[in-house]
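In the numbering used here, the protein residues as written are 33 to 439. Even for Gly, the Cβ is constructed at its ideal location relative to N, Cα and C. Here's the structure we're looking at; comments come further down.
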Amino acid sequence: NPTSSQNNNKESYNPRWSGYVLLSVTSLINFLSIATLSKDDLKHWGVDLVFGMITFAFGTLVVLQDRSQLICKSKFHKARNGFLEGFFLGMCLIWWSVGTAYQTHVNGIAYNANNIYYSAWASLAACFYLVNEWSTSKDILSFAELTGLSLTLPSWYTCWFFSIVVLFTSVDMLVYLDEQNLDDASFGIGLGFVSTCISAFFIMVHYNFINQVEEGGWMELSSSFFLILLWTIGLALITQDRGVAATLSGTQCKFETASTNAVVILTDLLQLQQEAEANDNELQDLSLTDDSVLMDGSMITTESFNCTISYNIWNADTNEMDMVLLPCSDVLAPARAANKGVPGSNLYFAAWICFFSSLSVTFRWKAAQALQFAQAQQERQQQKEQLTQQRGDSGFSDSDDDDDEDA
Numbered sequence: 033n034p035t036s037s038q039n040n041n042k043e044s045y046n047p048r049w050s051g052y053v054l055l056s057v058t059s060l061i062n063f064l065s066i067a068t069l070s071k072d073d074l075k076h077w078g079v080d081l082v083f084g085m086i087t088f089a090f091g092t093l094v095v096l097q098d099r100s101q102l103i104c105k106s107k108f109h110k111a112r113n114g115f116l117e118g119f120f121l122g123m124c125l126i127w128w129s130v131g132t133a134y135q136t137h138v139n140g141i142a143y144n145a146n147n148i149y150y151s152a153w154a155s156l157a158a159c160f161y162l163v164n165e166w167s168t169s170k171d172i173l174s175f176a177e178l179t180g181l182s183l184t185l186p187s188w189y190t191c192w193f194f195s196i197v198v199l200f201t202s203v204d205m206l207v208y209l210d211e212q213n214l215d216d217a218s219f220g221i222g223l224g225f226v227s228t229c230i231s232a233f234f235i236m237v238h239y240n241f242i243n244q245v246e247e248g249g250w251m252e253l254s255s256s257f258f259l260i261l262l263w264t265i266g267l268a269l270i271t272q273d274r275g276v277a278a279t280l281s282g283t284q285c286k287f288e289t290a291s292t293n294a295v296v297i298l299t300d301l302l303q304l305q306q307e308a309e310a311n312d313n314e315l316q317d318l319s320l321t322d323d324s325v326l327m328d329g330s331m332i333t334t335e336s337f338n339c340t341i342s343y344n345i346w347n348a349d350t351n352e353m354d355m356v357l358l359p360c361s362d363v364l365a366p367a368r369a370a371n372k373g374v375p376g377s378n379l380y381f382a383a384w385i386c387f388f389s390s391l392s393v394t395f396r397w398k399a400a401q402a403l404q405f406a407q408a409q410q411e412r413q414q415q416k417e418q419l420t421q422q423r424g425d426s427g428f429s430d431s432d433d434d435d436d437e438d439a
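This is the structure:
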């Protein structure tokens with residue numbers, strides 16, 4: 033029967049083929065977005081490139097092998113009772129967990145182009161989706177089963193995961209910040225730590241690891257209100273202007289490249305000249321020395337000019353003015369270091385997700401209470417109907433006994 037053979041062919045296809053297509057697409061976007069960057073200006077360019085390349089090749093091979101039924105009879109999703117596929121999917125999940133953390137770490141390559149950032153997280157989500165679908169098909173454990181004990185449990189998991197992201201990103205941020213923003217990063221560490229502990233606590237409560245606290249009780253509601261207040265204050269501080277999470281990509285140059293904006297350098301030189309003239313000093317020997325400098329000045333770099341600034345300093349020992357010559361680069365370097373800005377990081381999105389997940393806990397707690405109230409009302413109604421029915425049956429049997437005695 034041709035119809036039954038077509039159905040058998042459809043059933044033999046990998047049911048998770050759409051997830052593999054998604055993984056291939058997101059990995060390809062990540063790979064191409066990094067490949068188009070100039071590797072001379074980036075550190076560890078090849079390491080970042082390999083994450084998308086590997087999973088793109090894996091996902092594409094699985095889809096091609098699955099759809100070429102006439103060519104290849106063996107099925108990847110059926111090999112070793114399907115556990116071979118599960119092993120590779122688990123490795124992909126670990127692979128992109130490392131890849132996402134590496135590409136989106138503070139001042140990572142992901143902040144050079146938004147496509148890299150979003151494709152890295154999308155690839156991780158695709159791997160998680162595939163692992164969850166495979167685990168569900170094997171009746172091992174699914175995310176729905178893991179979080180299906182209560183309505184608030186998925187929100188607690190979300191808050192817990194992104195609180196960890198905030199915590200470790202803030203720790204990583206300390207390496208790149210100047211003294212101006214160290215307090216914000218330290219506050220982010222404390223905020224992430226407290227939120228992580230509270231979320232983990234109520235996750236354990238829902239799994240009955242902690243029996244002293246009632247699941248869905250008033251303590252859970254009050255804790256969600258506390259987190260909402262905490263994250264509201266946190267967002268106000270870290271996402272303000274010049275805060276550590278004001279933007280996704282940060283406020284500094286993403287990478288130390290050879291080229292610097294010519295306008296910035298020439299403006300700094302002009303400021304130096306004005307300060308020198310105001311203090312009766314002189315800016316000497318200013319000249320461009322790089323042959324690769326464009327006519328419009330767009331490629332002027334710190335190596336493209338050679339100048340010195342002379343300072344007339346009073347010498348108290350000789351009662352005379354001494355001239356001190358300093359290279360312009362030495363004068364400009366401290367100013368540039370003090371204004372290097374804030375690097376890009378995951379803090380912006382992670383902090384907002386934690387805030388909304390805290391709100392979700394509150395709303396879901398109310399929905400859970402309404403559901404419990406409805407179930408309690410339904411149970412009472414059922415008990416009342418059963419009691420009425422039992423009384424009716426008892427009255428009917430008593431009347432039958434009386435009729436027998438009269439007879």
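Item	Value
Could you work out which residue in I270, R423, L60, R112 is closest to A382 when comparing CA atoms only?	I270
Straight-line CA distance for L116 to Q401?	44 Å
How long is the line joining the alpha carbons of Y208 and V95, rounded to whole angstroms?	42 Å
I'd like to confirm the pairing. Which residues does DSSP put opposite P375 in its beta bridges?	G282
Where F241 and S227 are concerned, what is the direct C-alpha to C-alpha distance, given to the nearest angstrom?	19 Å
What number of angstroms, rounded off, separates the C-alpha of A142 from the C-alpha of S281?	9 Å
Tell me the residue span of the alpha helix (DSSP H) that contains T228.	214-238
Secondary structure at D204, three-state DSSP: helix, strand or coil?	helix
Would you kindly work out how many angstroms separate the C-alpha atoms of L199 and V276, rounded to a whole number?	13 Å
Under 8 Å, with one C-beta from each stretch per pair, do the region 128-135 and the region 161-178 reach the 3-pair mark?	no
For A62 and S155, which I take to be in contact (beta-carbon distance under 8 Å), what is that distance rounded to the nearest angstrom?	Strictly speaking, residue 62 in this sequence is Asn, with Ala absent from that position. Confirmed, Cβ separation roughly 6 Å.
Kindly indicate which three-state DSSP category E165 falls into: helix, strand or coil?	helix
If you run the structure through DSSP and keep just helix, strand and coil, what is V82?	helix
Going along the chain, which residues of its own chain have a beta-carbon closer than 8 Å to the beta-carbon of S174, five neighbours each way excluded?	N164, S167, T168
Would you tell me roughly how many angstroms separate the C-alpha atoms of K416 and Q410, rounded to the nearest one?	10 Å
Using a Cβ-Cβ cutoff of less than 6 Å, which residues in the same chain neighbour V197 once the five nearest sequence positions on both sides are dropped?	N378, A382
Tell me the residue span of the alpha helix (DSSP H) that contains I260.	250-270
What three-state label does DSSP hand Q422 in the structure shown?	helix
Flag this pair as yes or no: are the beta carbons of G91 and Y52 separated by less than 8 Å?	yes
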